[in-house]
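2 protein chains.
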Amino acid sequence: MKSKSTSELKASIHRVEEICKSNKLGLTEIRKQVFEIIVKKNKPIKAYEILDKISNINNKPSHPPTVYRAIDFLIENGFVHKLNSINSFVGCFHPKAHKECYFLICKKCNIYQECCDDSLKDRISKTAIHNNFVISNTTLEIEGHCLDCSQK
Amino acid sequence: MKSKSTSELKASIHRVEEICKSNKLGLTEIRKQVFEIIVKKNKPIKAYEILDKISNINNKPSHPPTVYRAIDFLIENGFVHKLNSINSFVGCFHPKAHKECYFLICKKCNIYQECCDDSLKDRISKTAIHNNFVISNTTLEIEGHCLDCSQK
DNA sequence: ATAATATATGTTATGTTATAACATTGCAAT
DNA sequence: ATTGCAATGTTATAACATAACATATATTAT
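Chains as they are written, first to last, in my numbering: chain A, 1 to 152; chain B, 1001 to 1152.
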């Protein structure tokens, strides 16, 4: 899997700023810091690792609620997703394009990739309908090895 | 969603006993107790709820590792699955029939249902192949409302 | 039968992940 | 200026999970 370039990262941050501006969402300093930490990491990141980084950036200890509240804001607005299988967070590279997001997560290099193709979405939707089930949210996390890592 | 009948529960427990016998897996007293607690609950159950029940059954306090080790054994052998999105455990009603297991989880009544149809499995597999990705394990948890609960 | 080995469990402590509850701040609207 | 509200700070603790080492129980080889 390819990691993101600096320009992609910048674009991603800029996009979030624009979306917040046009939707009147309060992208405060902390929320912006947390988002930047997450997208710059470019791999799934844990809440307490974000906490450490935030504390360093601001030269004063932050506390868990600060980080979790920022994460909540970012998730609510589709800028970040949580990977339940590894209790970690990742940036979303096409926020607002979808509500659900499916992931491939490489166990070796830890890089993740979104894989939200429509045929998969359709299939999940059909499965739900077939079971008379109304979906509110879906967790699909595929763990394994990416091409690079399975060749090594 | 329908909940399981007593006979289905008994059959499930018996099946696990048989599988363990024929595969020489040590289904110890505690492992059996934990499995029974999980299947009898018939809804996703938390580790510390199992811990309480185990302590009651045996009239002495048990400790987290005891429960988590039993759960590990049951998961390894496909008798139980973990729902990562809600940190809970559920019994598997057709162990050994599949490695991966997909779930529908009703947020209201909390009943869950396996939904491991082949077309879904195929679709996930194709998505992985398309991304040159080798799957080791998949988490698919669909949360929402079952028929009964969405009609209320 | 007995010692050696492996498997499982008990026990204590602690690590990791997440939230409750309430105080404080900063800013906007009246 | 005061009220209201959204965001943050702060303290404490809840909820989830494992490390490490001791003890017991079962299995096997002698």
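No residue lacks a Cβ here, since even glycine has one placed at the ideal position from N, Cα and C.
If you draw a 10 Å sphere on the C-beta of asparagine 1077 (chain B), you find 16 or more other C-beta atoms in it, and that means buried. DSSP assignment within the region 1060-1097 of chain B yields the following whole beta strand (DSSP E) runs of 3 residues or more, N-terminal first: 1080-1083, 1088-1091. Look at the beta carbons and you see the region 62-80 of chain A touching the region 93-107 of chain A: at least three pairs across the two are nearer than 8 Å. Note: phenylalanine 1103 (chain B) is bridge-paired with B:Glu1114, B:Glu1141 in the DSSP secondary-structure output.
In the displayed model, serine 1005 (chain B) falls within coil according to three-state DSSP, outside both helix and strand. Within its own chain, the residues whose Cβ lies closer than 7 Å to the Cβ of leucine 51 (chain A), once the five positions on either side in sequence are excluded, are Ser62, Pro64, Val67, listed in chain order. When Cβ-Cβ separations below 9 Å define contact, lysine 1041 (chain B) makes no contact with chain A. Taking a C-beta cut-off of 7 Å against chain A, the contacting residues of the region 1135-1152 of chain B are Ile1135, Ser1136, Asn1137, Thr1138, Thr1139, Leu1140, Glu1141, Ile1142, Glu1143, Gly1144, His1145, Cys1146, Leu1147, Ser1150, listed in chain order. Residue-level contact check: asparagine 110 (chain A) does not touch chain B, since none of the beta carbons of chain B fall below 9 Å from its beta carbon.
Listed in chain order, the positions of the region 86-117 of chain A with a beta carbon within less than 7 Å of a beta carbon of chain B are Leu104, Lys107, Gln113, Cys115, Asp117. Close CB contacts of glutamine 33 (chain A) within its chain, under the 7 Å cut and outside five residues either way in sequence, are with Ile54, Ile57 (chain order).
Contact annotation: the region 1125-1143 of chain B touches the region 105-123 of chain A, with at least three C-beta pairs closer than 8 Å.
Arginine 1069 (chain B) sits exposed, since fewer than 16 C-beta atoms from the chains shown fall within 10 Å of its C-beta. Among the residues of chain A, those whose CB is under 8 Å from the CB of leucine 1120 (chain B) are Arg123, Ile124, Thr127, following chain order. Taking a C-beta distance under 9 Å as the contact criterion, isoleucine 1071 (chain B) and glutamate 1036 (chain B) do not qualify as a contact pair. Sorting A:Asn23, A:Lys108, A:Ile19, A:Val39 by C-alpha distance to the C-alpha of serine 7 (chain A) places A:Val39 at the top. Boundaries of the alpha helix (DSSP H) harbouring asparagine 56 (chain A): 47-58, taken from the DSSP string. In chain order, Asn84, Ser85, Thr139, Glu141 make up the part of chain A whose C-beta sits under 8 Å from the C-beta of asparagine 1084 (chain B). For leucine 9 (chain A), the closest C-alpha among the options A:Lys41, A:Ser119, A:Cys149 is that of A:Lys41. Taking 9 Å as the cut-off, the beta carbon of phenylalanine 1089 (chain B) is found closer than this to the beta carbon of alanine 1047 (chain B).
Beyond the five residues adjoining it in sequence on each side, histidine 1145 (chain B) comes within less than 8 Å, by CB distance, of Cys1106, Lys1107, Lys1108 in the same chain, given in chain order.
Only exposed fits glycine 26 (chain A), as fewer than 16 other CB atoms lie within 10 angstroms of its CB.
Cβ neighbours of isoleucine 1030 (chain B) within its own chain (closer than 6 Å, five residues either side excluded): Ala1070.
The beta-carbon separation of asparagine 87 (chain A) and threonine 139 (chain A), rounded to 12 Å, does not stay under the 8 Å limit for a contact.
Going by beta carbons, leucine 1104 (chain B) and arginine 123 (chain A) fall outside the 9 Å limit. Among the CB atoms of chain B, none fall inside 9 Å of the CB of histidine 81 (chain A). The beta-carbon of phenylalanine 1133 (chain B) is placed less than 9 Å from the nearest beta-carbon of chain A. Taking C-beta atoms under 8 Å as the contact rule, proline 1044 (chain B) and asparagine 1110 (chain B) qualify, at a distance of about 7 Å.
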